[in-house]
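Have a look at the structure below, then the notes.
Residue numbers (UniProt numbering): 1 to 557.
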């Protein structure tokens, strides 16, 4: 039966003459009437594949094809309704929404005018079907077409932002979030997000999309009693996962889903493959801790052997990159948008952007400038290059302003002691900081004893890496550092840099030379000796708090 189904489906997948197409649709009508159990019982894949191709035909330029496709889609809905003893057509309803989402996600493109015309036609069939008037079928058809229109509205927004990868993924994320209680639909949009990330080579984010899909599947299996841990098993990989994937509801969205352990393994292995491309080898250990027990239960020794081989290679790569110091896990930037006339809902919002490898400030500024000038015009976009607080009232409302600031991950002293490796300092991070030098008498820079710093700590709504490469900032805190605290902080950072170079298995002489000669202060030419003379000399040491003086002396040790 599956082979016959695939052959018949291939006629819908390829272009045919209008005459032959009429016969093909006629054959499909007969198939639906005679083989309802094939479509409406067990796995939903065949029904889903058919819905996808019918909807593609509903979007055809040929009115005859659209008319035939609408009639076939209506028959499919009606048959499902009758098969369920006139209670609902849940399977077709769900598969149609999934197929529409896939058509959008696969960038096949949906013509709003053609598709809207097809939706009206299907609705009219339901209204004029006298045999169904005394049932809730017409209302269910109306509800389905309304949901499709909602997805189409989102499509228009996706089209509008197709050249803006961050906005595109944000919109897909909103759609995925709106289907939190419907596993298959959420999975569809997470897969679309993963495809978008892979196109831009954002491998960490693509991998996390598949990790979220895996957690979604595991939570479904937990509800079915076959995987007791559910999405809680993923807490070691990312705190984002359990928060988002534990919200499945036992509603109609789960009735037509048939996930198995194989589905879970398949998505975990896909995540593992992409994580390796992202060079986040440490995560592979946690992923295979989820995969290996399932292989052990299945006595699949061949795959167990392969899993341990991959782990062996991963840990070797960790040793290699830790020795070489050549792994680059990304840079982070705060990006703020100002200008109600242009940014609308984005106005006043601030994000942390995760950029690949060693993306410098000028590169991200150029990228964002080009991105938004393409949309608003070169004369309407202005970049704010300093990190000072923006007074919105002083900005010209006719322009779109973008402020970009380089930030670094922020850790407390306790966190710094726990996050010892470069990977740990770039994984599951949620707080970032940037510093603005100032003096009490006006200028940004002054002498060592006059130099203050304002440290701004930013907290994001989720941790990096995530299913998105930009995350909204939800909290700001500020710390003012006095001149002696500035000295302690900068010398402490320099000590850490030197320790990293010196303790490397293969010391980098050039890096050591740069660290020894580099500027260690916001004040040019200020080095350890200058700090010692300014704060620790006998005639000046009594001017500063005893605790701060002791802390500065400790740094010198």
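Glycine is no exception: its CB is placed at the ideal position from the N, C-alpha and C atoms. Remember, it's a predicted structure, so these values are computed and weren't measured experimentally.
Candidates the options: closest to residue i by CA position
i	options	result
residue 288	279, 88, 311 and 13	311
residue 227	556, 237, 264 and 382	264
residue 160	372, 427 and 418	372
residue 307	116, 12, 269 and 454	269
residue 501	326, 51, 260 and 148	326
residue 459	447, 445 and 478	478
residue 286	274, 233, 338 and 321	233
residue 246	309, 179 and 368	179
residue 368	401, 387 and 548	401
residue 430	450, 548 and 240	240
residue 150	432, 138 and 119	119
residue 484	282, 404, 419 and 543	543
residue 113	208, 152 and 399	152
residue 385	398, 362 and 391	362
residue 154	97, 121, 2 and 392	97
residue 207	276, 486 and 156	276
residue 449	12, 488, 428 and 424	488
residue 393	340, 177, 6 and 533	340
residue 467	78, 192 and 50	192
residue 567	421, 533, 417 and 422	Any property of residue 567 remains undetermined from this structure, which presents the chain solely from 1 to 557.
Alpha-carbon to alpha-carbon, residue j and residue i
i	j	result
residue 10	residue 131	33 angstroms
residue 25	residue 68	7 angstroms
residue 324	residue 407	25 angstroms
residue 553	residue 434	25 angstroms
residue 82	residue 225	31 angstroms
residue 545	residue 220	59 angstroms
residue 136	residue 158	33 angstroms
residue 524	residue 375	Here residue 524 scores only 47 on pLDDT, less than 50, and its place in the model is too uncertain to base an answer on.
residue 278	residue 414	28 angstroms
residue 54	residue 35	17 angstroms
residue 452	residue 380	35 angstroms
residue 230	residue 222	5 angstroms
residue 251	residue 90	Low confidence applies here, because residue 251 scores a pLDDT of 47, under 50, leaving its location unreliable and the question unanswered by this model.
residue 348	residue 382	15 angstroms
residue 495	residue 481	19 angstroms
residue 403	residue 389	10 angstroms
residue 4	residue 409	57 angstroms
residue 521	residue 444	Low confidence applies to residue 521: its pLDDT is 45, below 50, so where it sits in the model is not reliable, and the reading given next is rough at best. Rounded to whole angstroms, residue 521 to residue 444 spans 13 angstroms at the Cα level.
residue 63	residue 343	39 angstroms
residue 29	residue 102	24 angstroms
residue 360	residue 305	42 angstroms
residue 541	residue 530	14 angstroms
residue 104	residue 22	27 angstroms
residue 455	residue 492	16 angstroms
residue 320	residue 387	37 angstroms
residue 301	residue 237	25 angstroms
residue 465	residue 329	10 angstroms
residue 284	residue 424	14 angstroms
residue 115	residue 147	13 angstroms
Range covered by the beta strand (DSSP E) that runs through residue i
i	result
residue 336	331-338
residue 234	Taken as a continuous stretch (DSSP letters only), residue 234 belongs to no beta strand (DSSP E), as it is neither H nor E.
residue 400	400-409
For residue i, the first and last residue of its enclosing alpha helix (DSSP H)
i	result
residue 3	2-13
residue 261	261-277
residue 225	It is not in any alpha helix (DSSP H) - residue 225 carries neither H nor E in the DSSP assignment.
residue 30	18-34
residue 528	528-535
residue 281	Segment: none, residue 281 is in no alpha helix (DSSP H) and carries neither H nor E.
residue 59	Run containing residue 59: none; DSSP gives neither H nor E here.
residue 230	Taken as a continuous stretch (DSSP letters only), residue 230 belongs to no alpha helix (DSSP H), as it is neither H nor E.
residue 199	183-199
residue 395	Note, residue 395: premise wrong, no alpha helix (DSSP H); not H, not E.
residue 551	546-556
Whole runs of the alpha helix (DSSP H) within the region 419-489, excluding any shorter than 4 residues: None, since the region 419-489 contains no complete alpha helix (DSSP H) of that length.
Segment contact, 8 angstroms Cβ cut-off, at least three pairs: the region 210-228 with the region 178-187: Yes, since at least three Cβ pairs between the region 210-228 and the region 178-187 fall closer than 8 angstroms, the two stretches touch.
Inter-stretch contact at 8 angstroms, needing at least 3 Cβ pairs: the region 296-305 / the region 313-333: Contact fails: fewer than three Cβ-Cβ distances are below 8 angstroms.
Three-pair Cβ contact test at 8 angstroms for the region 437-455 versus the region 467-475: Taking 8 angstroms as the limit for Cβ pairs, the verdict is that the region 467-475 does not touch the region 437-455.
contact_flag[the region 323-335, the region 344-355] where n(CB pairs < 8 angstroms) is 3 or more: At 8 angstroms Cβ cutoff, the stretches touch.
Complete runs of the alpha helix (DSSP H) confined to the region 306-383 [at least 4 residues]: Within the region 306-383, complete alpha helix (DSSP H) segments of at least 4 residues are found at 340-343 and 361-376, given in chain order.
Touching by the beta-carbon criterion (3+ pairs, under 8 angstroms), the region 158-171 and the region 196-203: The region 158-171, when compared against the region 196-203, does touch it at the 8 angstroms Cβ threshold.
Ranges of the alpha helix (DSSP H) found wholly within the region 88-171, counting only runs of at least 4: If only uninterrupted alpha helix (DSSP H) runs of at least 4 residues are considered, those enclosed by the region 88-171 are 90-105, 112-128 and 137-160.
The region 115-126 touching the region 71-82, judged by at least three CB pairs closer than 8 angstroms: The region 71-82 and the region 115-126 touch, with three or more beta-carbon pairs separated by less than 8 angstroms.
Contact the region 86-93 vs the region 169-184: 3+ CB pairs below 8 angstroms: Between the region 86-93 and the region 169-184 there are fewer than three inter-stretch CB-CB distances shorter than 8 angstroms, so the stretches are not counted as touching.
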